[in-house]
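**Student:** After the structure tokens below, expect a handful of questions from me.
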Amino acid sequence: MWAILSILVENKPGILFKITHLFRSRNFNIDSISVGVTENPDYSKMTITTYGDEKQVEQIVKQLDKMIDTVKVEHLDEHKTVYRELSLFKIKLSNANDSMEINKLANAYGGKVHDVKKESIMVELTATPDQIQAFEELAKPFGIIDVARTGVAALQRSGA
Amino acid sequence: MNKMESMSGAKALMKAMEKEGVKQVFGLPGGANLPMYDEFSRCDIRHILVRHEQSAAHMADGFGRVSRKPGVCFATSGPGATNILTGIATAQADSAPMVAVTGQVPVAMIGRDAFQESDIIGMANPVVKYAFQPRTAAEIPETVKKGFFIAETGRPGPVLIDIPKDVQTNESEMIFPDEFKIQGYHPWADPDIVNVEKAIDMLLHSEKPIILAGGGTIISSAFAELQAIAEALMLPVVTTFKGKGAFPENHPLSLGPIGMHGHAEANKMMAEADCVLAIGTRFSDRSVGTFEAFEKRLKIIHMDVDPAEIGKNQTTQVAVVGDVRASLRIMVKLLLQKQIKKTEENTWIKHVKETKDYWKENLKLHPGEMGAAKLLRKLRELLPKESVVTTEVGQHQMWASLFYDVIQPGTFFSSTGLGTMGWGFPAAIGAKVAKPDVPVVDIAGDGSFSMTENSLATAVLEDIPVIVFLLNNSSLGMVAQWQRTFYGRRMNGVEQNHCPDYVKLAESYGAQGIRAQSIDELDKAIKTALSSDVATVIDIPIDPEEDVLPFVAPGTSLSDMILPS
Ligand SMILES: Cc1ncc(C[n+]2csc(CCOP(=O)(O)OP(=O)(O)O)c2C)c(N)n1
Numbered sequence: 002m003w004a005i006l007s008i009l010v011e012n013k014p015g016i017l018f019k020i021t022h023l024f025r026s027r028n029f030n031i032d033s034i035s036v037g038v039t040e041n042p043d044y045s046k047m048t049i050t051t052y053g054d055e056k057q058v059e060q061i062v063k064q065l066d067k068m069i070d071t072v073k074v075e076h077l078d079e080h081k082t083v084y085r086e087l088s089l090f091k092i093k094l095s096n097a098n099d100s101m102e103i104n105k106l107a108n109a110y111g112g113k114v115h116d117v118k119k120e121s122i123m124v125e126l127t128a129t130p131d132q133i134q135a136f137e138e139l140a141k142p143f144g145i146i147d148v149a150r151t152g153v154a155a156l157q158r159s160g161a
Numbered sequence: 330m331n332k333m334e335s336m337s338g339a340k341a342l343m344k345a346m347e348k349e350g351v352k353q354v355f356g357l358p359g360g361a362n363l364p365m366y367d368e369f370s371r372c373d374i375r376h377i378l379v380r381h382e383q384s385a386a387h388m389a390d391g392f393g394r395v396s397r398k399p400g401v402c403f404a405t406s407g408p409g410a411t412n413i414l415t416g417i418a419t420a421q422a423d424s425a426p427m428v429a430v431t432g433q434v435p436v437a438m439i440g441r442d443a444f445q446e447s448d449i450i451g452m453a454n455p456v457v458k459y460a461f462q463p464r465t466a467a468e469i470p471e472t473v474k475k476g477f478f479i480a481e482t483g484r485p486g487p488v489l490i491d492i493p494k495d496v497q498t499n500e501s502e503m504i505f506p507d508e509f510k511i512q513g514y515h516p517w518a519d520p521d522i523v524n525v526e527k528a529i530d531m532l533l534h535s536e537k538p539i540i541l542a543g544g545g546t547i548i549s550s551a552f553a554e555l556q557a558i559a560e561a562l563m564l565p566v567v568t569t570f571k572g573k574g575a576f577p578e579n580h581p582l583s584l585g586p587i588g589m590h591g592h593a594e595a596n597k598m599m600a601e602a603d604c605v606l607a608i609g610t611r612f613s614d615r616s617v618g619t620f621e622a623f624e625k626r627l628k629i630i631h632m633d634v635d636p637a638e639i640g641k642n643q644t645t646q647v648a649v650v651g652d653v654r655a656s657l658r659i660m661v662k663l664l665l666q667k668q669i670k671k672t673e674e675n676t677w678i679k680h681v682k683e684t685k686d687y688w689k690e691n692l693k694l695h696p697g698e699m700g701a702a703k704l705l706r707k708l709r710e711l712l713p714k715e716s717v718v719t720t721e722v723g724q725h726q727m728w729a730s731l732f733y734d735v736i737q738p739g740t741f742f743s744s745t746g747l748g749t750m751g752w753g754f755p756a757a758i759g760a761k762v763a764k765p766d767v768p769v770v771d772i773a774g775d776g777s778f779s780m781t782e783n784s785l786a787t788a789v790l791e792d793i794p795v796i797v798f799l800l801n802n803s804s805l806g807m808v809a810q811w812q813r814t815f816y817g818r819r820m821n822g823v824e825q826n827h828c829p830d831y832v833k834l835a836e837s838y839g840a841q842g843i844r845a846q847s848i849d850e851l852d853k854a855i856k857t858a859l860s861s862d863v864a865t866v867i868d869i870p871i872d873p874e875e876d877v878l879p880f881v882a883p884g885t886s887l888s889d890m891i892l893p894s
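For the record, the sequence lines run as chains S and P. Just so you know, the numbering used here puts 143 at position 142 of the first sequence, and the rest follows in order with no gaps. Just so you know, the numbering used here puts 551 at position 222 of the second sequence, and the rest follows in order with no gaps.
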């Protein structure tokens, strides 16, 4: 199971280390992680995505909850949550048509194009990890030079 | 809010500790904690000097386990701080309340590889309940208050307070708060009555129910409640090793500890049971063998103060989260209301008693006069029941598990989580400080005792008379046993060859050393030790080839015991 965890922590130095250390020492995995300060500067919000069976995810949540620096830990329901990840793709341009094709592809996924050069083009895509994966598959034949992804940020939908 | 007063960080530390009721600390000074040490001459806290910081932590640990209040240890920065790490990790593994205070280089030097700088916060974080590093003197009073609160509440554990030297010397207006908030810390949950009812129901509807009491039972002093429930429902009681003595071991329903070196009858009955009420235990592999084999056969009711323990190692049918004493109290109340009381006339209990009698009579013991069972039974016979016993780690520890019956609950302590050799002796010293009026005995092996024997200096100079019951097989016996059993008798790195002479060693520290080579001599030695007011080492030479049996080999289940042939 893929799980999205939303973790509100005190905004103090060393906390990211402690959280990631917990994953390592308990033999859990981090699939992606993103951190940012909240509207209240005393807190940061981390979004961690991970894989595990139901029992494992429950255990991860409990272990995180037990940490004194975590204020609130939630296992978000994927279907009741808006979750997005930002990705940047640098893609090779070999043929005259490539640029147009990639532009079309980017448009289809709601992406933006930057840094168009003779030999490469950059696409910025904000989407779910699945969509980013799908885009990547389609971009592969052109030749992907480099990728950077931020990790998921997520918020529960209102009334959910 | 109390009125403000101006003072140094070091002075504020002492004042804050006095407010927490600290009467003594165990430690060793150095450059980075000198401002704190300077304050000992101006306050009522007794400083007990150790010869190695690891022992300071174990003493604080022993004090904490016995008194249920955090024991305090002090170390300087760098090597002092790293030396106490083993003691901190030991306390964490056994949920013992402790506050460790280390000195640190001045704030401006942190991160520059200054002399005796170590990133002790980074090193300790995985093995503490929480770690603080106040960056201003004014933070100290609240930090201390929070530190003690975290160390002793919920599932207890060690807290580290690392104080930079300038934070100790800086003067500040101090506020000693009565109240504070730690947002992310919820040490108490009220046990859910519905789940307690379900638990009772499950126990009543199973044919072979059993109680498994773990260390949490001892930590929350749930002795009376445990006994009331066992007696009301006629449930046999096994314990984990950490829970040893949570239930009087001379009680007819007691079967003793289960596990790798558990009692044969306890392992047998645990392996046959169909429902277990597990109290304050983490289902350690040393207790239950392979997890899968264990949960396959059993309905598990799990009570624990730590919600993260539920389902960590075992799948449970009913979970009751909360202080286990509070949970058991609810159970007792419900049993009384419903007037549920079972009689002795059931086949399971009869079977349990027969099995127990069988093993009491038929377990093959060492034939010699100085076999471990005879030695430990002699100790039991002569020790008042309220005596406190600690152990080191090794065969002697497991023989203590098998042959030293704890009669007064909560008087037996051992390093069971981390399994730290060298823990027992300094822990005994800490225990004696907590309970000066009862005899305190460390059941030791020569290998373990060698690791912290220099604490004899502390015991003598600080007038803390404990007894070391040294089962001396001139070897690292437990490792030797594994080499005999699993490595074709290829004996590597296990011999200690009668060096040193522990009687002379004790005497050279100004302690009392007695060698006991027969049961008669042992009888006299124990009596002498009990009546003297100086620390005593009783050196008891034993057969280096004696094995601890029964034995559940690692990776197997409780029903696969290796028995003496
Ligand atoms: C600090 C530490 N180092 C190594 C071990 C591994 N170990 C477990 S038992 C044991 C032998 C203990 O020897 P001793 O204290 O003489 O007790 P005995 O088994 O002979 O009774 C060793 C080396 C340990 N538990 N702790």
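Ideal placement from N, C-alpha and C gives every residue a C-beta, glycine not left out.
Can you list, in chain order, the residues of its chain whose CB lies under 8 Å from that of residue 822 of chain P, leaving out five sequence neighbours each side?
**Tutor:** Position 493 of the second sequence, counted from the first residue, corresponds to residue 822 of chain P. The answer, listed in chain order, is 805, 808.
**Student:** Determine the burial state of residue 350 of chain P: buried for a count of at least 16 other Cβ atoms within 10 Å of its Cβ, exposed for fewer.
**Tutor:** The residue given as residue 350 of chain P occupies position 21 in the second sequence. Classification for residue 350 of chain P: exposed.
**Student:** Using only CA atoms, which one of P/568, P/610, P/613, P/612 lies nearest to residue 592 of chain P?
**Tutor:** Along the second sequence, read from residue 1 onward, the residue named residue 592 of chain P stands at position 263. Restricting attention to P/568, P/610, P/613, P/612, the CA atom closest to the CA of residue 592 of chain P is found in P/568.
**Student:** At the level of alpha carbons, what is the spacing between residue 644 of chain P and residue 108 of chain S?
**Tutor:** Residue mapping note: residue 644 of chain P aligns to position 315 of the second sequence, counting from 1. Residue mapping note: residue 108 of chain S aligns to position 107 of the first sequence, counting from 1. Spanning the two alpha carbons is a distance of roughly 49 Å.
**Student:** List in chain order: all unbroken alpha helix (DSSP H) runs of 4+ residues lying wholly within the region 614 to 676 of chain P.
**Tutor:** 614 to 617, 620 to 626, 653 to 666
**Student:** Taking a Cβ distance cut-off of 8 Å, strictly less, list which residues of the region 634 to 661 of chain P are near chain S, in chain order.
**Tutor:** 635, 636, 637, 639, 640, 641, 644
**Student:** Using the three-state DSSP reduction, which class does residue 728 of chain P fall into: helix, strand or coil?
**Tutor:** As a first step, residue 728 of chain P is located in the second sequence; it is residue number 399 there, counting from the start. If DSSP states are grouped into helix, strand and coil, residue 728 of chain P belongs with the helices.
**Student:** I'd like to check one pair, residue 715 of chain P with residue 767 of chain P: are the Cβ atoms closer than 7 Å?
**Tutor:** Taking the first residue of the second sequence as position 1, residue 767 of chain P is located at position 438. Taking the first residue of the second sequence as position 1, residue 715 of chain P is located at position 386. The answer is yes: Cβ separation under 7 Å.
**Student:** Consult DSSP for residue 412 of chain P and reduce its assignment to one of helix, strand or coil.
**Tutor:** Here the question's residue 412 of chain P lines up with position 83 in the second sequence. Residue 412 of chain P: helix per DSSP, three-state reduction.
**Student:** Going along the region 509 to 536 of chain P in order, which residues come within less than 9 Å of chain A, judged by CB to CB distance?
**Tutor:** Among the protein chains in the structure shown, which are S and P, there is no chain A.
**Student:** For a test of the three-state rule: what should DSSP assign to residue 61 of chain S, helix, strand or coil?
**Tutor:** For this step, residue 61 of chain S is matched to residue 60 along the first sequence. Note: residue 61 of chain S maps to helix in three-state DSSP.
**Student:** Got a sec, what are the start and stop residues for the alpha helix (DSSP H) residue 405 of chain P sits in?
**Tutor:** By 1-based counting over the second sequence, the position of residue 405 of chain P is 76. Looking at the DSSP string, residue 405 of chain P is not in any alpha helix (DSSP H), and its letter there is neither H nor E.
**Student:** Can you check the region 428 to 484 of chain P for any beta strand (DSSP E) of at least 3 residues that lies completely inside it and give the ranges in chain order?
**Tutor:** 459 to 461
**Student:** To the nearest angstrom, how far is the alpha carbon of residue 384 of chain P from that of residue 414 of chain P?
**Tutor:** As a working mapping, residue 384 of chain P is identified with position 55 in the second sequence. As a working mapping, residue 414 of chain P is identified with position 85 in the second sequence. Going from the Cα of residue 384 of chain P to the Cα of residue 414 of chain P covers about 11 Å.
**Student:** Less than 7 Å between the C-beta atoms of residue 390 of chain P and residue 449 of chain P, yes or no?
**Tutor:** Walking along the second sequence from the start, residue 390 of chain P turns up at place 61. Walking along the second sequence from the start, residue 449 of chain P turns up at place 120. The answer is no: Cβ separation not under 7 Å.
**Student:** Does residue 585 of chain P come out as helix, strand or coil in the three-state DSSP assignment?
**Tutor:** Residue numbering aside, residue 585 of chain P sits at position 256 when the second sequence is read from its first letter. Strand at residue 585 of chain P.
**Student:** Using a C-beta to C-beta distance shorter than 9 Å, which residues of chain P count as neighbours of residue 11 of chain S?
**Tutor:** On the first sequence, residue 11 of chain S is found 10 positions in, with the first residue counted as 1. Going along chain P in sequence order, the residues near residue 11 of chain S (Cβ under 9 Å) are 512, 513.
**Student:** Are residue 757 of chain P and residue 734 of chain P close, meaning C-beta to C-beta below 7 Å?
**Tutor:** Counting from 1 along the second sequence, the entry for residue 757 of chain P is found at position 428. Counting from 1 along the second sequence, the entry for residue 734 of chain P is found at position 405. No, the Cβ-Cβ distance between residue 757 of chain P and residue 734 of chain P is not below 7 Å.
**Student:** I want to verify the contact list: residues of chain P whose CB lies under 8 Å from the CB of residue 46 of chain S, in sequence order.
**Tutor:** Here residue 46 of chain S refers to the residue found at position 45 of the first sequence. Taking the beta carbon of residue 46 of chain S as reference, no residue of chain P falls within 8 Å; the closest one sits roughly 14 Å away.
**Student:** In chain order, which alpha helix (DSSP H) runs of at least 4 residues are fully inside the region 509 to 561 of chain P?
**Tutor:** Qualifying alpha helix (DSSP H) stretches, in chain order: 522 to 533, 544 to 548.
**Student:** Got a sec: is the Cβ-Cβ distance from residue 358 of chain P to anything in chain S below 7 Å?
**Tutor:** Here residue 358 of chain P refers to the residue found at position 29 of the second sequence. No, residue 358 of chain P does not count as interfacial toward chain S.
**Student:** Does residue 26 of chain S come within less than 7 Å of chain P when only Cβ atoms are used?
**Tutor:** Mapped onto the first sequence, residue 26 of chain S falls at position 25. Taking Cβ atoms only, chain P reaches closer than 7 Å to residue 26 of chain S, which makes this a yes.
**Student:** Check whether the Cβ atoms of residue 62 of chain S and residue 76 of chain S lie closer than 7 Å to each other.
**Tutor:** Stepping through the first sequence from its first residue, residue 62 of chain S is reached at position 61. Stepping through the first sequence from its first residue, residue 76 of chain S is reached at position 75. Cβ distance < 7 Å, so residue 62 of chain S and residue 76 of chain S count as in contact.
**Student:** Check whether the Cβ of residue 588 of chain P lies closer than 6 Å to any heavy atom of ligand 1, and answer yes or no.
**Tutor:** The residue labelled residue 588 of chain P in the question sits at position 259 within the second sequence. False, no ligand heavy atom lies under 6 Å from that Cβ.
**Student:** Does the beta carbon of residue 775 of chain P fall short of 6 Å from some heavy atom of ligand 1?
**Tutor:** Here the question's residue 775 of chain P lines up with position 446 in the second sequence. Correct: residue 775 of chain P has its Cβ closer than 6 Å to ligand 1.
**Student:** Beta-carbon within less than 8 Å of residue 825 of chain P's beta-carbon, same chain only, minus the 5 sequence neighbours each way: which residues are those?
**Tutor:** Residue mapping note: residue 825 of chain P aligns to position 496 of the second sequence, counting from 1. Correct list, in chain order: 775, 776, 779, 803, 804, 805.
**Student:** For the alpha helix (DSSP H) containing residue 503 of chain P, list its first residue and its last residue.
**Tutor:** Position 174 of the second sequence, counted from the start, is the residue given in the question as residue 503 of chain P. Unbroken run through residue 503 of chain P is the beta strand (DSSP E), 500 to 503; no alpha helix (DSSP H).
**Student:** Return yes when the C-beta of residue 827 of chain P is under 6 Å from any heavy atom of ligand 1, and no when it is not.
**Tutor:** Residue 827 of chain P sits at position 498 when you count from the first residue of the second sequence. The answer is no for residue 827 of chain P.
**Student:** Looking at ligand 1, does it come within less than 6 Å of residue 725 of chain P, judged from the CB to the closest heavy atom?
**Tutor:** Numbered from its first residue, the second sequence carries residue 725 of chain P at position 396. Yes.
**Student:** Suppose contacts are defined by Cβ-Cβ distances below 7 Å. Is residue 150 of chain S in contact with residue 86 of chain S by that definition?
**Tutor:** Translated into positions along the first sequence, residue 150 of chain S becomes position 149. Translated into positions along the first sequence, residue 86 of chain S becomes position 85. Yes, they are a contact pair.
**Student:** Relative to the alpha-carbon of residue 647 of chain P, which residue among P/631, P/636, P/654, P/656 has its alpha-carbon at the smallest distance?
**Tutor:** Within the second sequence, numbered from 1, the residue matching residue 647 of chain P stands at position 318. Measuring from the Cα of residue 647 of chain P, the nearest candidate turns out to be P/631.
**Student:** What residue range is occupied by the uninterrupted alpha helix (DSSP H) comprising residue 390 of chain P?
**Tutor:** Stepping through the second sequence from its first residue, residue 390 of chain P is reached at position 61. Here the alpha helix (DSSP H) through residue 390 of chain P covers 382 to 396.
**Student:** Can you check DSSP and say which residues form a bridge with residue 3 of chain S?
**Tutor:** Your numbering for residue 3 of chain S matches position 2 in the first sequence. DSSP, once it has assigned bridges, lists S/52 as partnering residue 3 of chain S.
**Student:** Residue 79 of chain S versus chain P: which residues are under 9 Å apart at the beta carbon?
**Tutor:** By one-based count along the first sequence, residue 79 of chain S stands at place 78. Within chain P, no residue comes near residue 79 of chain S; the closest Cβ sits about 22 Å away, beyond 9 Å.
**Student:** Are residue 525 of chain P and residue 629 of chain P touching if we call contact CB-CB under 7 Å?
**Tutor:** Taking the second sequence and counting its residues from 1, the one referred to as residue 525 of chain P is at position 196. Taking the second sequence and counting its residues from 1, the one referred to as residue 629 of chain P is at position 300. Going by C-beta atoms, residue 525 of chain P is not nearer than 7 Å to residue 629 of chain P.
**Student:** Going by Cα to Cα distance, which pick from P/429, P/416, P/667, P/335 is closest to residue 353 of chain P?
**Tutor:** Along the second sequence, one-based indexing puts residue 353 of chain P at 24. Minimum Cα distance to residue 353 of chain P is reached at P/429.
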